[in-house]
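Numbering (the UniProt record's numbering), first residue to last: 1 to 819.
Even glycine gets a Cβ: it sits at the ideal position worked out from N, Cα and C.
Given the structure is predicted, the values throughout are model-derived calculations rather than measurements.
As structure tokens, then:
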């Protein structure tokens with residue numbers, strides 16, 4: 001077998017690793033081996049030294065097809081010719097077998113030694129990886145510096161649908177790569193009892209048959225092949241957002257993203273089917289959609305277990321036309337109970353029932369039939385929705401005339417009937433009087449709401465609507481309706497991570513009874529606060545507590561019954577998006593950036609659907625976690641336009657530069673979801689430019705004037721044309737022409753599903769020329785000199801450099817390209 005076939009079309013080299021932590025020391029018990037000549041015993045020792053080293057287990061996203069270190073019996077590999085590669089069968093320190101191969105025919109000319117593996121099933125994978133661990137001798141360390149010595153060997157593969165298809169014809173094998181050692185050993189290394197173990201990884205794809213063979217060709221090197229591991233990558237089964245995503249083998253292309261649909265866990269449903277994308281490296285990326293627990297269920301450890309229903313229902317006073325009941329709160333109500341719903345009906349008449357809603361833990365059902373059995377069921381409602389109904393409780397009303405032999409009851413009954421007739425007459429007269437006035441209203445307990453149903457079912461509202469906390473006379477009522485009260489003893493503050501207007505921002509842990517410990521962020525209200533400051537501080541919690549979406553920061557609860565007053569939210573490991581992008585400039589793929597933008601858009605769609613206008617959407621107000629999931633945060637309340645030269649909005653959280661704000665919001669204070677869309681376009685620009693400041697050093701007044709005159713931010717570097725066009729759509733002057741957030745989400749989903757659509761970039765040369773021309777036209781007219789233009793855009797210090805390089809006129813500047 002001589003020569004080499006063509007390099008595999010799907011081959012990709014993965015950086016090798018040599019020396020360093022992979023450099024094992026030879027045990028003292030084997031030191032004597034190194035006095036041997038350059039043959040058998042020496043190489044046996046070297047192989048043992050490598051194999052005795054404890055090797056790490058494979059990552060969870062890798063599935064081994066072959067690992068020569070774990071095969072107990074014969075590997076079944078073939079050496080050709082037979083006196084070429086030599087198998088060394090030994091055991092390691094745990095008496096496990098070691099299969100290693102070595103060849104060292106450096107003294108002989110024209111070597112062509114092949115080692116063929118047995119058939120390897122690819123188990124449906126179309127892209128596989130081969131990890132080699134080997135040692136190689138430095139040719140310069142050999143006696144006389146042999147000119148025939150090589151320091152590389154070759155690796156090939158051959159596809160076959162069955163294990164009877166092994167071929168020994170060299171021209172049928174496709175070359176994967178020439179393998180070289182990062183570290184080779186010398187005579188001195190032997191004296192120090194050190195052997196340098198190399199690790200090299202290669203990948204091959206796409207594969208089209210059920211399996212393949214590997215082959216290793218030696219052309220005159222002194223080499224020991226310690227282990228061969230063949231594996232493919234998968235995205236392991238995972239539960240995200242209450243959806244189960246199965247084990248998914250990665251695609252054949254190194255840049256391919258596979259869209260995978262998830263299945264909702266038991267007792268959960270979805271309107272937006274959950275999907276994620278499996279990357280070529282076996283990582284789940286770009287989550288889309290989510291499942292939500294059904295009404296009456298709560299999320300816990302990735303599942304929906306029903307919260308405990310109402311129990312311990314006790315009967316109170318029972319009369320011929322009424323039944324009074326009382327009950328205790330559920331043990332696990334899944335939030336603060338807002339009200340109870342009591343359903344009751346006459347036994348065997350379930351299709352005709354009555355619903356009473358009450359904020360108390362007791363009610364009286366009136367208007368019942370005497371001597372009849374009624375069935376009652378009770379359930380609680382929290383901000384998360386309704387719980388499950390309790391079991392059925394049966395109670396019977398008393399008869400009209402209770403059975404009695406006491407004749408003395410008869411006069412009392414007669415009097416009662418007479419009084420009843422008189423009261424009935426008075427009532428009828430009152431009702432008739434009311435009708436003459438054209439108005440009649442039934443008296444009803446303000447804490448109760450009563451509804452009757454016949455042959456039908458309750459229909460709950462399909463979409464939740466945002467409720468402005470300002471509409472509550474008592475702001476504390478809004479806080480306790482939408483935010484869960486947490487005992488301060490459940491919170492552990494670990495360190496200060498920032499400062500807000502009202503106090504410090506800390507990270508810590510939250511451990512609620514019966515639940516696992518969570519990392520949380522904690523906002524504290526500083527000592528000496530006024531009542532207004534307390535209301536303003538907790539106002540954000542009243543807003544945040546109404547939201548439940550994977551791309552909106554989640555409120556865990558508040559501490560109001562002890563000091564310090566706290567707002568507790570989920571902890572986002574990577575902090576604010578703008579700072580995170582600046583720290584990781586250029587480190588993400590376009591798909592990952594689009595995934596971040598998709599998450600922000602999904603969160604804003606949710607807010608828009610609820611009728612909430614954010615008003616302060618910017619990268620600094622987006623938080624990002626360790627999975628690169630972006631979540632909208634900072635739900636301040638008041639924003640007032642000041643008359644200062646910077647023309648900035650003011651919130652309790654600080655100044656908000658107008659460069660994120662839509663023109664109509666600046667001019668007329670018209671804040672809508674459309675003005676949020678404008679801000680989202682600026683956020684897109686921030687993300688693609690890795691946190692660059694919008695409009696750079698231009699003043700706010702210049703930004704207002706430029707935008708009004710039609711100027712728009714130019715495309716960031718290496719920006720896909722589709723993304724920049726979406727930015728421009730968001731910056732339409734007519735707010736009715738801007739896309740809605742649901743349209744933005746759909747567009748980003750299409751880009752994610754078709755990554756090739758992101759390969760077309762905005763033309764760099766036209767981008768720079770347009771930018772220069774637009775900056776040059778700011779103000780009343782064109783600038784007379786390059787220096788004047790540079791001063792206008794706050795770059796006057798570069799005037800001399802421009803002149804030295806021949807850009808002495810505005811016409812010359814307008815021709816500047818990226819190069």
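Identify the residues that DSSP records as bridge partners of residue 286: which are they? Answer is none; residue 286 lacks a bridge partner.
So residue 232 packs on residue 69, CB below 8 Å; how close in whole Å? Not a contact, Cβ separation roughly 18 Å.
Quick one: what's residue 498 bridged to in DSSP? DSSP lists 505 as the beta-bridge partner residues of residue 498.
What does the alpha-carbon distance come out to for the pair residue 246 and residue 235? 8 Å
From the DSSP output, read off the bridge partner residues of residue 87. 101
Three-state secondary structure (DSSP) of residue 153: strand
What does the Cβ neighbour count give for residue 214, buried or exposed, with the cut at 16 atoms within 10 Å? buried
In terms of alpha-carbon separation, which member of 392, 512, 288 lies closest to residue 376? 392
What's the C-alpha gap between residue 728 and residue 681? So the two alpha carbons sit approximately 7 Å from each other.
Give the straight-line distance between the Cα atoms of residue 399 and residue 356, rounded to the nearest whole angstrom. 24 Å
Excluding the 5 residues preceding and the 5 following residue 747 in the sequence, name in chain order all residues of the same chain whose CB lies nearer than 7 Å to its CB. For residue 747, the CB contacts under 7 Å within the same chain, skipping 5 residues up- and downstream, are 726 in chain order.
DSSP beta-bridge partners of residue 62: Its beta-bridge partners are 233.
The segment 515–532 / the segment 596–606 touching (three or more Cβ pairs under 8 Å): The segment 515–532, when compared against the segment 596–606, does not touch it at the 8 Å Cβ threshold.
Among 374, 367, 336, which residue has its Cα nearest to the Cα of residue 387? 336
With 9 Å as the threshold, decide whether the Cβ of residue 319 is near any Cβ in chain C. Of the protein chains in this structure there is only one, and it is not chain C.
Residue 248 classed as buried or exposed, judged by whether at least 16 other C-beta atoms fall within 10 angstroms: Residue environment analysis places residue 248 among the buried positions, since at least 16 neighbouring C-beta atoms fall within 10 angstroms of its C-beta.
Can you tell me the Cβ-Cβ gap for residue 538 and residue 558, rounded? I've got them flagged as a contact below 8 Å. 6 Å
Starting from residue 475, trace the beta strand (DSSP E) in both directions and tell me its first and last residue. Looking at the DSSP string, residue 475 is not in any beta strand (DSSP E); the run it does join, the alpha helix (DSSP H), is 475–482.
By Cβ distance, which residues of its chain are closer than 7 Å to residue 685, with the 5 residues on each side in sequence left out? Correct list, in chain order: 694, 713, 716, 727.
Between which residues of its own chain and residue 800 is the CB-CB distance below 8 Å, once the five residues before and five after are set aside? none
Straight-line gap, residue 724 to residue 629 (C-alpha atoms, nearest Å): 22 Å
Residues in the same chain with beta-carbon distance under 8 Å from residue 407, minus the five sequence neighbours each way, listed in chain order, please. Confidence in residue 407 is poor, its pLDDT being 45 and thus under 50, which makes the residue's placement unreliable; the coordinate value appears in the next sentence. Within the same chain, residue 407 has no close Cβ partners at all.
Among residues of its own chain, excluding the 5 on either side of residue 67, which ones have a beta-carbon nearer than 6 Å to its beta-carbon? For residue 67, where only same-chain residues beyond five positions count, the Cβ hits under 6 Å are 229.
Are at least three pairs of beta-carbons, each pair with one atom in the segment 532–549 and one in the segment 658–678, less than 8 Å apart? no
Drop a sphere of 10 angstroms on the beta-carbon of residue 271, count the other beta-carbons inside from all chains shown, and report buried for 16 or more, exposed for fewer. exposed
Reduced DSSP category for residue 530 - H, G, I as helix; E, B as strand; rest coil: coil
First and last residue of the uninterrupted beta strand (DSSP E) at residue 278: 268–278 is the extent of the beta strand (DSSP E) around residue 278.
Nearest-angstrom Cα separation, counted from residue 707 out to residue 740: Taking the straight line joining both Cα atoms gives about 21 Å.
Bridge partners - residue 631, DSSP secondary structure assignment: 623
Three-state class that DSSP yields for residue 43 in the structure shown: For residue 43, the predicted structure reports a pLDDT of 45, less than 50, and the residue's modelled location is therefore unreliable. A value from the coordinates is still provided. Residue state, collapsed to three classes: helix.
Residue 825 (DSSP reduced to helix, strand or coil): For residue 825 there is no data in the structure shown, the boundaries of the chain being 1 and 819.
According to the neighbour-count rule (16 or more other Cβ atoms, all chains shown, within 10 Å of its Cβ), is residue 806 buried or exposed? exposed
Check whether residue 87 and residue 75 have beta carbons under 9 Å apart: yes
For residue 512, which residues from the same chain have a beta carbon less than 6 Å from its beta carbon, with the 5 sequence-adjacent residues on both sides left out? Excluding residues up to 5 positions away in sequence, 490 lie with their Cβ nearer than 6 Å to the Cβ of residue 512 in the same chain.
Got a sec, what are the start and stop residues for the beta strand (DSSP E) residue 519 sits in? 518–524
DSSP three-state call for residue 372: helix, strand or coil? coil
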